[in-house]
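Numbering (the working numbering), first residue to last: 4 to 74.
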């Protein structure tokens, strides 16, 4: 079980799941760290130019706790 970290995380960063909302939040709160995990389907929102957003490639479900949830 992962202990939650301090980053705001969105998994599958397409517009329908709120990818643009994450981008807007990252622009407005530059001191907050964000993690954007690319999904397997749909157009993924671009986070280029945002130093406070770490973009991860798609992560297999069994690796999510270790690689994503604890950030």
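Note that CB positions come from ideal geometry on N, CA and C, so glycine has one too.
C-alpha gap between residue i and residue j, whole angstroms
i	j	result
residue 7	residue 74	7 Å
residue 5	residue 14	16 Å
residue 68	residue 20	20 Å
residue 66	residue 12	15 Å
Residue i vs residue j beta-carbon contact at 8 Å
i	j	result
residue 50	residue 70	no
residue 48	residue 18	yes
Nearest-angstrom beta carbon gap, residue j and residue i [assumed within contact, 8 Å]
i	j	result
residue 16	residue 39	5 Å
residue 24	residue 41	Not quite, the Cβ-Cβ distance comes to about 16 Å (not below 8 Å), so this is no contact.
Next on the checklist: Whether or not the segment 29-39 and the segment 62-69 are in contact is what I'm after, with contact meaning three or more pairs of Cβ atoms, one per stretch, closer than 8 Å; do they touch?
Outcome noted: no
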